[in-house]
Amino acid sequence: MRYCLLLLLRILSHAVGVTAVTVPLIRPDILKSRPIASNHPVFNFQSKEAVDGSFQDNLGGGPLVTGCYNIDVFIAGTRFQVMIDSGSSDLLIPGNTLPGYSGPTYSTVGNTPISNKIVGARFADSSSWGGLFYMDRVSVNEGSVSVLSPFAVMMQQSVEPAVTTGEMSQGVLGIAFDHLARATDLDERFKGPYSLLSALVQEKAISQDLVAFRACPADSVSESVVDWGLSDTSLACAVSGNGDATVLWVKVISDNHYEVNVTGVYFGSEMGTLDPSTWQQLDAGSIFDSCTTIMQFPAYLLNQFKAAIRKSGAFDAAFTATNYNEFLNKLYGFAQLPVDYSKLPTLSFTLLAADGHSTVVMEMPPQSYIQKDSAGNLFFVIGSHDENSIVFGATAFNSFYVVLDRANTRVGLAPGCDCASKLQKGMPIATVRYAYAATANEVAGNASSAAPLSAGEPEKTKGTGLLRSSSYTERPLLLVYLLSVMVFI
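Numbering (our numbering), first residue to last: 5 to 493.
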């Protein structure tokens, strides 16, 4: 009977369609134990109201903050501030028996689960959960957009670390591919939708199966938003002078995560040395992840970058070896830095484009990898992890406009938050461009679908010396970093 009722509710929900869903993202107030002199940096983030009738969410998280970007969802009239995670696919909501949690919960009294099968997963930070899946109306945009969606009611979780304690968030909202969704493992009679993002698409609440982020750094006064379905093209920064925003598309090579093929890393004009025998191998690929709050390199590559920074001579002689160690290795914050940014190397990455042949370059000025917190303290926002790959976390999301396109298995990139005002002030910005644009004959039969924003005119240059990879083998992914990648229990 419950499947008939769910089907009826889904049919009724198609009566009203919404195509513009641009939601404010929320930065929680988080105290991170990173020394600044005798103090610790405090990240003060506040929600902002939606403007011009659009649906906008203020972005949570930020440099060196243990926590994800947050968004408000409503279930049965209860508001939950949940972490929006591109490394998982389920909507996780606390139940009233969840240990180690204090905050709003979903009452299962009088509600029947989709299946009596208890499922769960473990995140890469070793936190884990277990629970039952339910179907109910889930709303965003202060309740104005509502769809019938599955979600897991967590009844169990690890305590140290916990998935959620209620202090900074009250759950997790995964936006990766449905292959990762635990709802796919339920009773075979359940035919979906398997995730909130899929429910929004199926009920035509959004017009496209993708999510766009305009994530502003902690010291920005601009509004950070997540745009469900790419309804507001004005969020992408236009630098061409004609008012059109240009988004370049990178190929996603996994049906689980937003995994991409990084073919080269550059520190200014110096090419980083990658080990081709293990680079992005051993079940670990480079990934765009909204719940990793810094960018992460393998240790050997990070050491090359640190050496390039020190070799640049950008820091004043008064910056001692101890200061270098605190800033680059211990990730301490500094109220002031004796540095000439013009001497620091630009950090660049080459990636396989969505057409499978061209090469896209991400270029990040020093102001992208040295970021301020809301109090103006400066941090080096790149760390290391154990995998031989890149994690494009909040450091990248705060520098670029990022579009996660599930339907076309690609990631879109454009200049990010505040780029227009920075250009007017003569300040450098993070940019994307083509290093190599494939010809029509090369792309024949492999071109991705038309970009929803202006595709722009690529630089048609060859022989740039950038490392290109003509082939890449798709494989499963397991990365070790904060809270993002999920392992089934």
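Glycine included, every Cβ here is placed at the ideal spot set by N, Cα and C.
So, with DSSP's three-state summary, where would you put residue i?
i             : result
alanine 255   : Contrary to the premise, residue 255 reads as lysine rather than alanine in this sequence. Note: lysine 255 maps to strand in three-state DSSP.
glutamine 371 : helix
serine 352    : strand
lysine 376    : strand
tyrosine 270  : strand
leucine 286   : coil
alanine 322   : coil
arginine 83   : strand
tyrosine 105  : coil
leucine 335   : coil
serine 388    : strand
leucine 382   : strand
leucine 239   : helix
threonine 169 : coil
serine 346    : helix
threonine 297 : coil
threonine 277 : coil
threonine 468 : Confidence is the limiting factor: at threonine 468 the pLDDT is only 26, short of 50, which leaves the residue's position unreliable and the question unanswerable from this model.
Pull the bridge partners of residue i from the DSSP assignment, please.
i              : result
alanine 156    : Leu96 and Phe137
glycine 178    : Asp89
aspartate 231  : Thr26 and Ala216
aspartate 76   : Gln85
glutamate 263  : Ile291
serine 143     : Phe78 and Ser150
methionine 431 : According to DSSP, methionine 431 bridges with nothing at all.
alanine 357    : Val254
glutamine 498  : Only positions 5 to 493 of the chain appear in this structure, which leaves residue 498 out of reach.
valine 365     : Thr354 and Arg437
valine 395     : Ile291 and Gln300
Residue i and residue j look like a contact to me (Cβ under 8 Å); what is the Cβ gap, rounded to whole Å?
i                 : j              : result
phenylalanine 396 : aspartate 259  : No, phenylalanine 396 and aspartate 259 are not in contact; Cβ-Cβ is about 19 Å, not under 8 Å.
asparagine 74     : serine 173     : 6 Å
glycine 124       : tyrosine 110   : Between tyrosine 110 and glycine 124 the Cβ distance is about 16 Å, and since that is not below 8 Å, they are no contact.
alanine 156       : isoleucine 97  : 7 Å
asparagine 265    : leucine 356    : 4 Å
tyrosine 262      : isoleucine 291 : 6 Å
glutamate 367     : threonine 354  : Not confirmed; about 10 Å, so no contact.
valine 167        : serine 131     : 5 Å
tyrosine 336      : alanine 216    : So it is not a contact: roughly 33 Å between Cβ atoms.
aspartate 495     : arginine 410   : Here the chain comprises residues numbered 5 to 493, so residue 495 is not present and cannot be evaluated.
proline 280       : serine 388     : The Cβ separation is near 20 Å, so there is no contact.
valine 229        : leucine 29     : 6 Å
cysteine 72       : cysteine 295   : 4 Å
threonine 399     : isoleucine 257 : No, threonine 399 and isoleucine 257 are not in contact; Cβ-Cβ is about 22 Å, not under 8 Å.
valine 364        : valine 436     : 6 Å
Could you check where the beta strand (DSSP E) with residue i kicks off and where it finishes?
i              : result
asparagine 115 : Counting along the chain, asparagine 115 falls outside any beta strand (DSSP E), and DSSP gives it neither H nor E.
threonine 495  : Outside the modelled stretch of the chain, which goes from 5 to 493, sits residue 495, for which no answer is possible.
isoleucine 291 : 290–292
alanine 439    : 435–440
proline 419    : 414–419
arginine 218   : 214–218
aspartate 409  : 404–409
Would you mind reading off the limits of the alpha helix (DSSP H) that contains residue i?
i              : result
isoleucine 313 : 303–315
alanine 325    : 325–328
glutamine 428  : 423–428
glutamine 206  : 200–206
Could you check whether the Cβ of residue i sits closer than 9 Å to any Cβ belonging to chain C?
i             : result
aspartate 191 : You won't find chain C in this structure, because it holds only one protein chain.
Measuring only from the beta carbon, is residue i closer than 8 Å to any heavy atom that is part of the ligand ZN?
i             : result
glutamine 284 : As presented, the structure is devoid of all ligands, the ligand ZN included, so that no description of it is given.
*Should the segment 118–136 be called in touch with the segment 201–209, which here means at least 3 C-beta pairs below 8 Å?*
no
*asked:* If contact is defined by three or more beta carbon pairs under 8 Å, each pair taking one atom from either stretch, is the segment 176–188 in contact with the segment 87–97?
replied: yes
_Is it the case that the segment 232–239 contacts the segment 150–168, given that we only count it when at least three CB pairs across the two stretches are under 8 Å?_
no
*Give a yes or no on contact between the segment 304–317 and the segment 414–424, applying the rule of three or more CB pairs nearer than 8 Å.*
no
*asked:* Quick check: the segment 362–379 against the segment 185–200, are at least 3 beta-carbon pairs closer than 8 Å?
replied: no
*Assess, as a yes-or-no matter, whether the segment 211–225 is touched by the segment 137–144 under the definition of 3 or more beta carbon pairs within less than 8 Å.*
no
*Contact between the segment 268–276 and the segment 306–313: three or more CB pairs below 8 Å?*
yes
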